[in-house]
Each structure stands twice: as structure tokens, then as C-alpha cells.
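A short worksheet on the structure shown next.
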Amino acid sequence: MHVGIIGAGIGGACLAHGLRKNNIKVTVYERNLAASSELPGYGIHLNTFGQQALQECLPDINWLTFKKVSRYIGGQSRFYNERLRLLAVQGGISPMNGLIISEQRLSISRTELRDILIKGLSNTIQWNKAFVRYENIENGGVRVFFADGSHDDVDVLIGADGSNSKVRKQYLPSIERFSVGVSMIVGRSRLTPALAAILPQNFLDGSPNSIIPKSPDWLFITMWRAPVDTHVEATSAEIDNFVVWVYVAATDSFPNNVTNFSAESLCNLVQSHMTSWDPNLHTLVKHSDMENVSLIPLRSMPYLPPWQSSPITLLGDAIHNMTPMAGAGANTALRDALLLTQTLTRVASGHEELVKAISDYEQQMRTYANEIVGISLRSAQNAVEHFAIPPLKQRHLSRKH
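Residue numbers for the sequence shown follow our numbering, so the first one is 3 and each next one is one higher.
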């Protein structure tokens, strides 16, 4: 069995390792000339699902490297008002395999994770291979065509090519992302002694912290390890701690020309929405690394209906792109990769027929993906809508009168 994966991102690379570990022939086709990552100046939090997938799929040396460079972070989520008064603390636990377990999240920079994932795949990844289309061929396999005029035949085609997946657009053209009507402005400030002195210490343990004001917006704050200079190769880049902030508001609350704003203008815009907030939050935004301030309009996949299974399937953002509000996109892609590794291993060993196995994978994936996509969508909407806000914010608003 030969598996072809379109995309060498987090999910695709993890799957490739899992298949190789089980002696399944796999080729990864990546459109970029070399390894890259989205938002390289930021980090990522890996929950229990993500860690389990990496441990089971990666070679031991890669897993040990991951454990060495990642950092344990606080498991609780904290909620503050705009004057930094602590309102509530949640979490530290999550459901897994029917059990409630303690949530031990790990933080790692996106560039470090990318390097760990592609290590050992030099003979598996074909770079500069942009997917164009596929055709089903007579023997039940799939012929894959690329922009350079070449093609390859595989037994299974996996679309792991991100939120604008070309595989999905051909295979499931009716399933498309939609605009949520919510946008984020994202920034980061290097954790200096001066900044550490003015922020609550809870902001500095890697836990997610939410500022929930009486206005229809939201500010998320956490700490990530990330490269200081995103233009330097990750292997030689200086890694340091950054306080990351994410301002969330309705897209229509921003000026019509906000997509043309400079980084400084975006920071000024955020501060203009925070006039009555704690002055230390203004300091955090004002001293941001201007090279890494971005405006991100949020989009989401709809509820995923069943479809007729075939030797073609999808994983990660290619099928269940979600808002970042639940912090689950990468973790869910890794969960897909592990599940698909297990599925295709059963097929390769002769214990299950291919299309039936893929159908089982898709059914399980849709179940958990629809749940987490729904949570992330509601989280984004709740942050900016007075009439759909969570009980915690409702109680906070009630104190206004």
C-alpha cells in the first residue's frame, strides 16, 4: 500500500511518521520549497491528545527532542475583568477515552515543532510539489497531478493541505468555510523584567487568561516560547519567552479599511477600544513586537455531514478548520493523524478493507471534530455578542447596573 499525503504541515508530517513507523510506504507532497510554518513568531499549546499522537507516531529521537524543548504550562484557565480583578478559575481537566484526566499542556514554538516533525522525513517529503487535481484510476487507486506537470499513483490520498485545501475543493466541493463575523488582532511582547513586574504572575505560567470586559469584546493573554527573530533558521534562532495577546471583537466594529492598517495602527486601534481598562494592559499592547502584529478575520467549517467514503480522505484544517478560540486546531489535526495511522495500519496488515476502514476513521473524526469546531465557533461568537455570552460574562455585565 502506498499512501500519498498532500501537505507537510503538523498533521501531514505526524501521519507520515506514524505510517513509516508501521512500515507503510508513504510520500508527502509539499507545495513550498522548504519547511515553513504559519505565525512563526508564536507558539503552540499541545494538550493530551496532541502529546499522545506525537509520542505514538514520532520516532523515539524526535519525541525525546520534543520533550526536551517543550515546557509544561499551567492547566487552568483564568478569567479577569478589565481592571485585572480575578473573576473565576476553570479547568485543569479534560475527557479522554471516557475518563476525566488532569490536563498537562506543553508549550513549544511553532518553528521548533515544525523542525521536530520534518526531521527524518528527508526521503519522504517531495518539496515544490503543488497539488493540482486527482483522478480515480482503474485499479482502485488515485492518480495525483502536480503543477510541474508530473503525476504519481497512490493507493490512498490524504488531503492535509490546510484550510484552503485543494483536495477538499475537488472531493467535497459543497463543504466550505464561512466567515464568523469576528476578527482578532494578535501581538506579542518579549517578557522583560519590566513587563513581568507589571503583569499578574498568573499571566506568566503559560495558562490561558481571558479579560472579559463589560463591552462586547475579549482579550486573551498567555505566554509562549518563540523565536526572537523569525527570519533566522529555527535551528540557530534565539528562543525566548513572549507574552502573547489576542484582542477579539466583531469585524464590523473595526474601520472598513482595517486590513490596510500598519502594525502600529492596529495596536493603537486595540488601545482605543480599551480606554477604561487597566493601564498595564495598554503597556503590554504598546510595547509589542511590531513585526509580529497581525489582523486575522476568523473563519470556520460548518457542521460536517456524512459523505460517501473512498480511497481519498482529509485531516486537520483541510476538513475541520476552526477558530483559534478553543486552542484545539493543531491538537485535533494530531488526533486525526494518530487515528488515521491506526486505521491504515489495520488495512496494511490485512485486518480491514480500505474503504470500510476510511469510513470508520471519518465517522470517528466527524464526531469529535464537529464537537470542537462547534465549541470554537461559539467561543468566538460569545466573545462579541451580548445575547450569546457565557454565564460568567453575563454575571459580570449584571454588575454594570
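C-beta atoms are modelled at their ideal positions from N, C-alpha and C, and glycine is treated no differently.
>> Assuming residue 211 and residue 223 are in contact, meaning their beta carbons sit under 8 Å apart, how far apart are those beta carbons, in whole angstroms?
In response: Working through the sequence shown from its first residue, we reach residue 211 at position 209. Working through the sequence shown from its first residue, we reach residue 223 at position 221. 5 Å between Cβ atoms; contact.
> For residue 180, is the classification buried or exposed, using 16 other Cβ atoms within 10 angstroms of its Cβ as the cut-off for buried?
Replying inline: As a first step, residue 180 is located in the sequence shown; it is residue number 178 there, counting from the start. Label assigned to residue 180: exposed.
> From the beta carbon of residue 153, is the nearest beta carbon of chain D less than 7 Å away?
Replying inline: Annotation note: the requested chain D is absent from the structure, which comprises a single protein chain.
> Can at least three beta-carbon pairs, one atom from the region 187-204 and one from the region 288-302, be found at a separation below 8 Å?
Replying inline: Because the criterion of three Cβ pairs below 8 Å is met, the region 187-204 and the region 288-302 touch.
>> Using only the alpha-carbon positions, how far apart do residue 408 and residue 219 sit?
In response: Only positions 3 to 403 of the chain appear in the structure, and residue 408 is not among them; the question remains open.
>> Check this for me: beta carbons of residue 109 and residue 247, under 7 Å apart or not?
In response: In the sequence shown, the residue the question calls residue 109 occupies position 107. In the sequence shown, the residue the question calls residue 247 occupies position 245. It is not a contact, given that the beta carbons lie outside the stated cut-off.
> Does the Cβ-Cβ distance between residue 52 and residue 336 come in under 7 Å?
Replying inline: By 1-based counting over the sequence shown, the position of residue 52 is 50. By 1-based counting over the sequence shown, the position of residue 336 is 334. Taking C-beta atoms as the reference points, residue 52 and residue 336 count as a pair closer than 7 Å.
> Since residue 382 and residue 300 are thought to touch, with beta carbons under 8 Å apart, how far apart are those beta carbons, to the nearest angstrom?
Replying inline: Locating residue 382 in the sequence shown gives position 380, counting from the first residue. Locating residue 300 in the sequence shown gives position 298, counting from the first residue. For a cut-off of 8 Å, the C-beta gap from residue 382 to residue 300 is around 5 Å, short enough to register as a contact.
> Excluding five sequence neighbours on each side, which residues of the same chain lie with their C-beta closer than 7 Å to the C-beta of residue 348?
Replying inline: As a working mapping, residue 348 is identified with position 346 in the sequence shown. For residue 348, where only same-chain residues beyond five positions count, the Cβ hits under 7 Å are 354 and 359.
> Just to confirm, are residue 406 and residue 170 a CB contact at a threshold of 7 Å?
Replying inline: Residue numbering for the chain in the displayed model covers 3 to 403; residue 406 lies beyond these limits and cannot be assessed.
> From residue 298 to residue 158, what distance separates their C-alpha atoms?
Replying inline: Stepping through the sequence shown from its first residue, residue 298 is reached at position 296. Stepping through the sequence shown from its first residue, residue 158 is reached at position 156. Rounded to the nearest angstrom, the two C-alpha atoms are 34 Å apart.
> What number of angstroms, rounded off, separates the C-alpha of residue 368 from the C-alpha of residue 73?
Replying inline: As a first step, residue 368 is located in the sequence shown; it is residue number 366 there, counting from the start. As a first step, residue 73 is located in the sequence shown; it is residue number 71 there, counting from the start. Distance between the alpha carbons of residue 368 and residue 73: 31 Å.
>> Given a cut-off of 7 Å on the beta-carbon distance, is the pair residue 265 and residue 244 in contact?
In response: Along the sequence shown, one-based indexing puts residue 265 at 263. Along the sequence shown, one-based indexing puts residue 244 at 242. No, they are not a contact pair.
> DSSP state of residue 299, grouped into three classes?
Replying inline: Here residue 299 is taken as the residue at index 297 of the sequence shown, counted from 1. The answer is strand: DSSP assigns residue 299 an E or B state.
> Going by alpha carbons, who is nearest to residue 16 out of 45, 60 and 4?
Replying inline: Here the question's residue 16 lines up with position 14 in the sequence shown. Comparing Cα-Cα distances from residue 16 to each of 45, 60 and 4, the minimum goes to 60.
> Is it right to say residue 11 is buried, meaning 16 or more other beta carbons lie within 10 angstroms of its own, or is it exposed?
Replying inline: The residue given as residue 11 occupies position 9 in the sequence shown. The residue in question, residue 11, is buried, as its Cβ has 16 or more Cβ neighbours within 10 Å.
>> What would DSSP say about residue 117, mapped onto helix, strand or coil?
In response: Mapped onto the sequence shown, residue 117 falls at position 115. Looking at residue 117 - three-state DSSP - the assignment turns out to be helix.
>> Can you tell me which residues form a DSSP beta bridge with residue 73?
In response: Along the sequence shown, one-based indexing puts residue 73 at 71. Answer is 109.
> Nearest-angstrom Cα distance between residue 22 and residue 69?
Replying inline: Taking the sequence shown and counting its residues from 1, one reaches residue 22 at position 20. Taking the sequence shown and counting its residues from 1, one reaches residue 69 at position 67. Put simply, the backbone Cα of residue 22 is about 21 Å away from that of residue 69.
>> My parser needs the alpha helix (DSSP H) runs of 4 or more residues fully inside the region 177-239; what are they?
In response: List check, alpha helix (DSSP H) in window: 195-200.
>> Counting C-beta neighbours from all protein chains within 10 Å, is the total for residue 32 16 or more, i.e. buried, or is it exposed?
In response: Taking the first residue of the sequence shown as 1, we reach residue 32 at position 30. Looking at its Cβ environment, which holds 16 or more other Cβ atoms inside 10 Å, residue 32 is buried.
>> So the candidates are 333, 242, 57 and 282; which of them puts its Cα closest to the Cα of residue 85?
In response: Taking the sequence shown and counting its residues from 1, one reaches residue 85 at position 83. Nearest C-alpha to residue 85 among 333, 242, 57 and 282: 282.
> Are there 16 or more other CB atoms within 10 angstroms of the CB of residue 139, so buried, or fewer, so exposed?
Replying inline: Taking the first residue of the sequence shown as 1, we reach residue 139 at position 137. That one is exposed.
> According to the Cβ coordinates, are residue 80 and residue 204 closer than 7 Å?
Replying inline: Here residue 80 refers to the residue found at position 78 of the sequence shown. Here residue 204 refers to the residue found at position 202 of the sequence shown. Pairing residue 80 with residue 204 gives a Cβ-Cβ distance under 7 Å.
> Does DSSP put residue 129 in a helix, a strand or coil?
Replying inline: What you label residue 129 is simply residue 127 of the sequence shown in a count that begins at 1. Coil at residue 129, not helix or strand.
> With distances taken from CA atoms, which of 242, 182 and 362 is nearest residue 313?
Replying inline: By 1-based counting over the sequence shown, the position of residue 313 is 311. Taking each of 242, 182 and 362 in turn and checking the Cα distance to residue 313, the smallest one comes out for 362.
>> Could you give the first and the last residue of the continuous beta strand (DSSP E) run that contains residue 45?
In response: Position 43 of the sequence shown holds residue 45. Note, residue 45: beta strand (DSSP E), 45-48.
> So, helix, strand or coil for residue 32, using DSSP?
Replying inline: Against the sequence shown, residue 32 aligns to sequence position 30. It is coil, neither helix nor strand.
> How would you call residue 278, buried or exposed, if buried means at least 16 neighbouring beta carbons within 10 angstroms?
Replying inline: As a position in the sequence shown, residue 278 is number 276, starting the count at 1. Within 10 angstroms of the beta-carbon of residue 278 lie fewer than 16 other beta-carbons, which makes it exposed.
>> Measuring only the C-alpha atoms, how far is residue 185 from residue 251?
In response: Within the sequence shown, numbered from 1, the residue matching residue 185 stands at position 183. Within the sequence shown, numbered from 1, the residue matching residue 251 stands at position 249. The straight-line gap from Cα to Cα measures roughly 6 Å.
>> Considering only the alpha carbon of each residue, which of 275, 47, 44 and 296 lies closest to residue 262?
In response: Mapped onto the sequence shown, residue 262 falls at position 260. When each option's Cα is compared against that of residue 262, the closest is 296.
> Can you tell me whether DSSP reads residue 139 as helix, strand or coil?
Replying inline: Mapped onto the sequence shown, residue 139 falls at position 137. It is coil, neither helix nor strand.
> Among 63, 113, 87 and 136, which residue has its Cα nearest to the Cα of residue 8?
Replying inline: On the sequence shown, position 6 is the one that residue 8 refers to. It is 136.
> My guess is that residue 64 and residue 122 are in contact by the Cβ rule of under 8 Å, so how many angstroms apart are they, rounded?
Replying inline: In the sequence shown, counting from the first residue as 1, residue 64 sits at position 62. In the sequence shown, counting from the first residue as 1, residue 122 sits at position 120. Indeed, because the Cβ distance is near 6 Å, the residues count as touching under 8 Å.
> Taking Cβ to Cβ, would you say residue 14 is nearer than 7 Å to residue 162?
Replying inline: As a first step, residue 14 is located in the sequence shown; it is residue number 12 there, counting from the start. As a first step, residue 162 is located in the sequence shown; it is residue number 160 there, counting from the start. Yes, they are a contact pair.
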